[in-house]
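Visitor:
There are 2 protein chains.
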Amino acid sequence: MSIPTAPPSGFRDFLPEQVALRQDAIATITRVYKSFGFQPISTSAVEDLAVLLGKGGDENEKLIFKIMKRGEALERAHAEKTDLADLGLRFDLTLPLARYYSKHGSTLSHPFKALSMGPVWRAERAQKGRYREFTQCDVDIIGADSWGAEVEVITAILTVFKTFGLTDVKVHVNDRAHVKAEIEAAGIPAEQQNQVCIEIDKLDKVGPEKVRESLTALVGAEKAGAVAARLLAQGAAAPANLKTISDAIQAAVPGTQIAFDPSLMRGMGYYTGPVFEFRHASLSGSLGGGGRYDKLTEKFGGQPIPACGGSIGFERLMLILEEKGMHAGSSNPDAVVTVFSDDLRGRSLETATALRAKGLAIDVYPGGGKLKAQFKYADQKKAAYAIVIGPDEAARGVMQVKALKTGEEHALTLDEACARIAARV
Amino acid sequence: MSIPTAPPSGFRDFLPEQVALRQDAIATITRVYKSFGFQPISTSAVEDLAVLLGKGGDENEKLIFKIMKRGEALERAHAEKTDLADLGLRFDLTLPLARYYSKHGSTLSHPFKALSMGPVWRAERAQKGRYREFTQCDVDIIGADSWGAEVEVITAILTVFKTFGLTDVKVHVNDRAHVKAEIEAAGIPAEQQNQVCIEIDKLDKVGPEKVRESLTALVGAEKAGAVAARLLAQGAAAPANLKTISDAIQAAVPGTQIAFDPSLMRGMGYYTGPVFEFRHASLSGSLGGGGRYDKLTEKFGGQPIPACGGSIGFERLMLILEEKGMHAGSSNPDAVVTVFSDDLRGRSLETATALRAKGLAIDVYPGGGKLKAQFKYADQKKAAYAIVIGPDEAARGVMQVKALKTGEEHALTLDEACARIAARV
Numbered sequence: 000m001s002i003p004t005a006p007p008s009g010f011r012d013f014l015p016e017q018v019a020l021r022q023d024a025i026a027t028i029t030r031v032y033k034s035f036g037f038q039p040i041s042t043s044a045v046e047d048l049a050v051l052l053g054k055g056g057d058e059n060e061k062l063i064f065k066i067m068k069r070g071e072a073l074e075r076a077h078a079e080k081t082d083l084a085d086l087g088l089r090f091d092l093t094l095p096l097a098r099y100y101s102k103h104g105s106t107l108s109h110p111f112k113a114l115s116m117g118p119v120w121r122a123e124r125a126q127k128g129r130y131r132e133f134t135q136c137d138v139d140i141i142g143a144d145s146w147g148a149e150v151e152v153i154t155a156i157l158t159v160f161k162t163f164g165l166t167d168v169k170v171h172v173n174d175r176a177h178v179k180a181e182i183e184a185a186g187i188p189a190e191q192q193n194q195v196c197i198e199i200d201k202l203d204k205v206g207p208e209k210v211r212e213s214l215t216a217l218v219g220a221e222k223a224g225a226v227a228a229r230l231l232a233q234g235a236a237a238p239a240n241l242k243t244i245s246d247a248i249q250a251a252v253p254g255t256q257i258a259f260d261p262s263l264m265r266g267m268g269y270y271t272g273p274v275f276e277f278r279h280a281s282l283s284g285s286l287g288g289g290g291r292y293d294k295l296t297e298k299f300g301g302q303p304i305p306a307c308g309g310s311i312g313f314e315r316l317m318l319i320l321e322e323k324g325m326h327a328g329s330s331n332p333d334a335v336v337t338v339f340s341d342d343l344r345g346r347s348l349e350t351a352t353a354l355r356a357k358g359l360a361i362d363v364y365p366g367g368g369k370l371k372a373q374f375k376y377a378d379q380k381k382a383a384y385a386i387v388i389g390p391d392e393a394a395r396g397v398m399q400v401k402a403l404k405t406g407e408e409h410a411l412t413l414d415e416a417c418a419r420i421a422a423r424v
Numbered sequence: 000m001s002i003p004t005a006p007p008s009g010f011r012d013f014l015p016e017q018v019a020l021r022q023d024a025i026a027t028i029t030r031v032y033k034s035f036g037f038q039p040i041s042t043s044a045v046e047d048l049a050v051l052l053g054k055g056g057d058e059n060e061k062l063i064f065k066i067m068k069r070g071e072a073l074e075r076a077h078a079e080k081t082d083l084a085d086l087g088l089r090f091d092l093t094l095p096l097a098r099y100y101s102k103h104g105s106t107l108s109h110p111f112k113a114l115s116m117g118p119v120w121r122a123e124r125a126q127k128g129r130y131r132e133f134t135q136c137d138v139d140i141i142g143a144d145s146w147g148a149e150v151e152v153i154t155a156i157l158t159v160f161k162t163f164g165l166t167d168v169k170v171h172v173n174d175r176a177h178v179k180a181e182i183e184a185a186g187i188p189a190e191q192q193n194q195v196c197i198e199i200d201k202l203d204k205v206g207p208e209k210v211r212e213s214l215t216a217l218v219g220a221e222k223a224g225a226v227a228a229r230l231l232a233q234g235a236a237a238p239a240n241l242k243t244i245s246d247a248i249q250a251a252v253p254g255t256q257i258a259f260d261p262s263l264m265r266g267m268g269y270y271t272g273p274v275f276e277f278r279h280a281s282l283s284g285s286l287g288g289g290g291r292y293d294k295l296t297e298k299f300g301g302q303p304i305p306a307c308g309g310s311i312g313f314e315r316l317m318l319i320l321e322e323k324g325m326h327a328g329s330s331n332p333d334a335v336v337t338v339f340s341d342d343l344r345g346r347s348l349e350t351a352t353a354l355r356a357k358g359l360a361i362d363v364y365p366g367g368g369k370l371k372a373q374f375k376y377a378d379q380k381k382a383a384y385a386i387v388i389g390p391d392e393a394a395r396g397v398m399q400v401k402a403l404k405t406g407e408e409h410a411l412t413l414d415e416a417c418a419r420i421a422a423r424v
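The structure is reproduced here in structure tokens:
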């Protein structure tokens, strides 16, 4: 059986231009987040399964790529028919952050504004636009119960979008605590509240009629009507805290469109208060989102600590940027120095070193052979110039500098070559 | 049982200052590598086990963190008692590169100069300075059989070290093909050649006497003597190709110390020609290394393609940089804008937005409460200034700007504040 050359299903290779664009985007996001005072943290890709799983397993268990035990531990697990896996790949950056803060919180500033970026892995069925390995870009504020935290997180993320030229991002906001109170007021018993939330969450996809039908099937017509009147009616009033948050965001980022969306739930079970989502006309899903999760650190045995965070859907952002025709800053070399012969390779290398010392990006042809192939290589690398140092040039202490676009060629000294290449003459 | 707050054994969390230093170092390495014309590529963290394993398994199998099959595939594997794992975490960047090139080579420049950075995972016993997750920084040239490729890779890596101020890095070089020829000439039969290499490789650690003893035990005194005379004798002459490579490197990076080291093997089984290693006085191990591997792409069913690559030991480089007291470029905010009251939070947010628009890094206190705690926060964040906008200031259209080092305080307009903060007056 031949060995595959493609990455596994749902995983991706990136070509040099894609990598450059992604790295530029990551650098921009980092810069904007840092300008808000968020501090970068980093956790491992691999976590103990106990960290990733809820007590007694949960809905997330299916998402986790589990890592098998090794050596004696694996043999013992086989023999004793216990769990074969002990570790797993993180499926988001929020659980690792809660663990991290529980461990290191006392050494960090308070409140702590965390910036966390990196790949996460989900064992979901791969499909167009949904990958099993993708990048998340999170900001979180831990230790602040003020609505100022929500404002800061949402403002930072909106500023990232604005920096990329996306000024038409709309913010949807809701409050889980408000939803919970309204559902309770509608007489829904505790054990049905989660399911009611899940049905309400489908509003965007299936419309109000279908939601009402499934709520009726779930809790009866009367209670379904009460829920609908409280949460799905046109013009339902936003709770006061969301109004405050919206006003403050509009003060910080004038012109921002914010909509109260009483059906917005966001999937993660750990949200306890305001939740939010970023939408863009060119996407059917969201461009990011987040919310308040005041109890997540309880899991690690500490006091509940108020926290709020948000995430940019990096892969979706990249889709939009690619559609907009955004290109990475050039990583093409300024010049390729050809190698006339093995005897003269030393001269080419010295020349390259001297040109690099002046701040130029200089590629030396790494193979041997004919100049024709070397010029083709310079074209492939999208270099602006090719440099030839043959025996004549070596003897005269010059180099031939050829502009690859125009074909114009000059015999130049090092300083002359440097000036010409830097000025793109 | 309580849930751990530490990462799993051999894995690490990084505090904000460490992350900043690591990110700065990665950016510097990337910049230098790119200035040599290397192009960034990226592959997935997860590979099919068939890609990671040699035909019929090999010495690397124990290194691999294996990922369990999921859903029906896992049930089937349990029922049919077949392999429970189908994927694994990459343990280096070279095998993934060989796969990548086999898939994408026709769309890449030729020869292809690849820059590959990222985490790799090894299921080794964790110990001081050896981690199960660590970063590699590789450059490779694929499709060049010229010794120019070795020179380019080694020169690029030396230039990285030099950029960090490490001018005292010594290069050790050897040639696997030369070793193989000498061992054959000493009469060692094919099936013992690998073991002989492994014994020679121990020279640095155990000294020549011990190596000779174990060689004698392995192949008898006569052949052991012949091997020692050819490879371990003082002043053994370097083969001509290594001399050429050394001369060219010294032309490109004047002052480089290069030593022929006939006992240098480098672990990876895929090397076929010159191998090299970077040493620094402050480390017992190496600071990086690499070599020529002309047959690795054969694994993926293609023609053998000449290739050569090298890697920087990023974690060891970080150790040296930390010892040298290197700090990251500041990611501290220029100022923290305090929040006098919830009523005035909007003013603080607008002020922060206006200051950020002038290029300053501005942190708004994300919580509520007393100014004293907010000033403490500004100290923790190592901000240069704290800004207060109370009712008086709001009415007068100014802000109090306090230099946290000196305690000096002024009521300033936006433009005045911006000028003062930017100038660090």
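Protein chains in written order, with numbering that gives the first Met the number 0: chain H, 0 to 424; chain Z, 0 to 424.
Note that beta-carbon positions come from the ideal geometry of N, C-alpha and C, so glycine has one too.
Residue 166 of chain Z to residue 159 of chain Z, Cα distance in whole Å?
Guide: Working through the second sequence from its first residue, we reach residue 166 of chain Z at position 167. Working through the second sequence from its first residue, we reach residue 159 of chain Z at position 160. Answer to the nearest angstrom: the Cα atoms are 10 Å apart.
Visitor: Using the beta-carbon of each residue, which ones in chain H are nearer than 9 Å to residue 112 of chain Z?
Guide: Taking the first residue of the second sequence as 1, we reach residue 112 of chain Z at position 113. Near residue 112 of chain Z (Cβ distances below 9 Å), the residues of chain H are 362, 365, 380.
Visitor: Using a Cβ-Cβ cut-off of less than 7 Å, list which residues of the segment 370-400 of chain H approach chain Z; keep chain order.
Guide: Going along the segment 370-400 of chain H in chain order, one finds 376, 379, 380 with a Cβ nearer than 7 Å to chain Z.
Visitor: Tell me, please, whether the CB atom of residue 133 of chain Z is closer than 8 Å to any CB atom in chain H?
Guide: For the purposes of this step, residue 133 of chain Z is taken as residue 134 along the second sequence, with counting starting at 1. No - not a single Cβ of chain H is within 8 Å of the one on residue 133 of chain Z.
Visitor: Does any residue of chain Z bring its CB to less than 8 Å from the CB of residue 46 of chain H?
Guide: By one-based count along the first sequence, residue 46 of chain H stands at place 47. It does; some Cβ of chain Z falls within 8 Å.
Visitor: Does the beta-carbon of residue 302 of chain Z have 16 or more other beta-carbons within 10 angstroms, so that it is buried, or is it exposed?
Guide: Mapped onto the second sequence, residue 302 of chain Z falls at position 303. Residue 302 of chain Z comes out exposed.
Visitor: Beta carbons nearer than 8 Å to chain H: which residues of the segment 1-15 of chain Z have them?
Guide: Going along the segment 1-15 of chain Z in chain order, one finds 1, 2, 3, 4, 5, 6, 7, 10, 11, 12, 13, 14, 15 with a Cβ nearer than 8 Å to chain H.
Visitor: Among Z:127, Z:109, Z:232, whose alpha-carbon lies nearest the alpha-carbon of residue 489 of chain Z?
Guide: The shown model of chain Z, from 0 to 424, leaves out residue 489 of chain Z, and the question about it has no answer.
Visitor: Within 8 Å, do at least three Cβ pairs link the segment 127-140 of chain Z to the segment 349-362 of chain H?
Guide: Verdict: no, contact absent.
Visitor: To be precise: take each residue of the segment 75-87 of chain Z, compare its Cβ to all Cβ atoms of chain H, and keep it if any distance is under 7 Å. Which residues remain?
Guide: Residues passing the 7 Å Cβ filter: 83, 84, 86.
Visitor: Give me whichever residues DSSP pairs with residue 118 of chain Z in a beta bridge.
Guide: Position 119 of the second sequence holds residue 118 of chain Z. Residue 118 of chain Z is bridged to Z:134.
Visitor: Counting only the same chain and skipping the five closest in sequence on each side, list residues whose C-beta sits under 6 Å from that of residue 389 of chain H.
Guide: The residue you call residue 389 of chain H lines up with position 390 of the first sequence. So the list reads 339, once near-sequence residues are dropped.
Visitor: Out of curiosity, what's the CA-to-CA distance linking residue 245 of chain H and residue 171 of chain H?
Guide: To locate residue 245 of chain H, count along the first sequence from 1; it is residue 246. To locate residue 171 of chain H, count along the first sequence from 1; it is residue 172. Between residue 245 of chain H and residue 171 of chain H, the C-alpha separation is close to 10 Å.
Visitor: If we count the other Cβ atoms within 10 Å of its Cβ and call it buried at 16 or more, is residue 326 of chain H buried or exposed?
Guide: Here residue 326 of chain H refers to the residue found at position 327 of the first sequence. Flag for residue 326 of chain H reads exposed.
Visitor: I believe residue 18 of chain H touches residue 39 of chain Z by the beta-carbon criterion, under 8 Å. Please report the beta-carbon distance rounded to the nearest angstrom.
Guide: In the first sequence, residue 18 of chain H corresponds to position 19, counting from 1. In the second sequence, residue 39 of chain Z corresponds to position 40, counting from 1. That pair is a contact at about 4 Å.
Visitor: Do we get a CB-CB distance below 8 Å when we pair residue 40 of chain Z with the residues of chain H?
Guide: Numbered from 1 along the second sequence, position 41 holds the residue referred to as residue 40 of chain Z. Yes, residue 40 of chain Z lies at the interface with chain H (some Cβ there is under 8 Å from its Cβ).
Visitor: One question on the structure: do residue 1 of chain H and residue 300 of chain Z come within less than 8 Å of each other, judged by their Cβ atoms?
Guide: As a working mapping, residue 1 of chain H is identified with position 2 in the first sequence. As a working mapping, residue 300 of chain Z is identified with position 301 in the second sequence. The answer is yes: Cβ separation under 8 Å.
Visitor: Does any CB atom of chain Z fall closer than 8 Å to the CB of residue 445 of chain H?
Guide: The shown model of chain H, from 0 to 424, leaves out residue 445 of chain H, and the question about it has no answer.
Visitor: Does the beta carbon of residue 36 of chain Z sit closer than 8 Å to a beta carbon anywhere in chain H?
Guide: If you number the second sequence from 1, residue 36 of chain Z lands on position 37. Chain H contact via Cβ: present.
Visitor: Which residue's Cα is closest to the Cα of residue 217 of chain Z: Z:195, Z:335, Z:371, Z:169?
Guide: Within the second sequence, numbered from 1, the residue matching residue 217 of chain Z stands at position 218. It is Z:195.
Visitor: Evaluate the contact criterion for the segment 141-151 of chain H versus the segment 104-119 of chain H: three or more CB pairs, one atom per stretch, below 8 Å.
Guide: These segments touch.
Visitor: Less than 8 Å separating the beta-carbons of residue 364 of chain Z and residue 376 of chain Z?
Guide: Taking the second sequence and counting its residues from 1, the one referred to as residue 364 of chain Z is at position 365. Taking the second sequence and counting its residues from 1, the one referred to as residue 376 of chain Z is at position 377. It is a contact, given that the beta carbons lie within the stated cut-off.
Visitor: Closest to residue 227 of chain Z by C-alpha separation, out of Z:215, Z:237, Z:238, would be which residue?
Guide: Counting from 1 along the second sequence, the entry for residue 227 of chain Z is found at position 228. If we check each option's Cα against that of residue 227 of chain Z, Z:215 comes out closest.
Visitor: Quick one: does residue 320 of chain H have its CB under 8 Å from some CB of chain Z?
Guide: As a position in the first sequence, residue 320 of chain H is number 321, starting the count at 1. Not closer than 8 Å to any Cβ of chain Z, the Cβ of residue 320 of chain H fails to qualify, so no.
Visitor: Does the Cβ of residue 344 of chain H have 16 or more other Cβ atoms within 10 Å, making it buried, or fewer, making it exposed?
Guide: Here residue 344 of chain H refers to the residue found at position 345 when the first sequence is read from its first residue. By the neighbour-count rule (16 or more Cβ atoms within 10 Å), residue 344 of chain H is buried.
Visitor: Please tell me whether residue 5 of chain Z and residue 371 of chain H are closer than 8 Å, where the distance is taken between their beta carbons.
Guide: Mapped onto the second sequence, residue 5 of chain Z falls at position 6. Mapped onto the first sequence, residue 371 of chain H falls at position 372. No; because the gap between Cβ atoms is not below 8 Å, this pair is not in contact.
Visitor: Say whether chain H places a C-beta atom closer than 8 Å to the C-beta of residue 55 of chain Z.
Guide: The residue given as residue 55 of chain Z occupies position 56 in the second sequence. Here residue 55 of chain Z scores only 48 on pLDDT, less than 50, and its place in the model is too uncertain to base an answer on.
Visitor: Closest by CA to residue 95 of chain Z, which one among Z:48, Z:42, Z:119?
Guide: In the second sequence, residue 95 of chain Z corresponds to position 96, counting from 1. If we check each option's Cα against that of residue 95 of chain Z, Z:42 comes out closest.
Visitor: Taking all protein chains shown into account, do 16 or more other C-beta atoms lie within 10 angstroms of the C-beta of residue 273 of chain H, making it buried, or fewer, making it exposed?
Guide: Residue 273 of chain H sits at position 274 when you count from the first residue of the first sequence. By the 10 Å Cβ count, residue 273 of chain H comes out buried.
Visitor: Report the rounded CA-to-CA distance for residue 401 of chain H versus residue 348 of chain H, giving the unit in angstroms.
Guide: Taking the first sequence and counting its residues from 1, the one referred to as residue 401 of chain H is at position 402. Taking the first sequence and counting its residues from 1, the one referred to as residue 348 of chain H is at position 349. So the two alpha carbons sit approximately 18 Å from each other.
Visitor: For the beta strand (DSSP E) that residue 398 of chain Z lies in, which residues bound it at each end?
Guide: Taking the first residue of the second sequence as 1, we reach residue 398 of chain Z at position 399. 398-402 is the extent of the beta strand (DSSP E) around residue 398 of chain Z.
Visitor: Which stretch, first to last residue, makes up the alpha helix (DSSP H) that contains residue 30 of chain H?
Guide: Translated into the one-based positions of the first sequence, residue 30 of chain H becomes position 31. It spans 15-34 - the alpha helix (DSSP H) in which residue 30 of chain H sits, taken as one unbroken run.
Visitor: Determine whether the Cβ of residue 246 of chain Z lies closer than 8 Å to any Cβ atom of chain H.
Guide: For this step, residue 246 of chain Z is matched to residue 247 along the second sequence. Closer than 8 Å: yes.
Visitor: Taking the straight line between their C-alpha atoms, what separation do you get for residue 100 of chain H and residue 323 of chain H?
Guide: For the purposes of this step, residue 100 of chain H is taken as residue 101 along the first sequence, with counting starting at 1. For the purposes of this step, residue 323 of chain H is taken as residue 324 along the first sequence, with counting starting at 1. Each residue's alpha carbon lies about 38 Å from the other.
Visitor: Check this for me: beta carbons of residue 44 of chain Z and residue 332 of chain H, under 8 Å apart or not?
Guide: Mapped onto the second sequence, residue 44 of chain Z falls at position 45. Mapped onto the first sequence, residue 332 of chain H falls at position 333. Contact flag unset, no.
Visitor: Return the chain-ordered ranges of every alpha helix (DSSP H) run that is complete within the segment 229-297 of chain H and spans a minimum of 4 residues.
Guide: Listed in chain order, the complete alpha helix (DSSP H) runs (minimum 4 residues) inside the segment 229-297 of chain H are 239-251.
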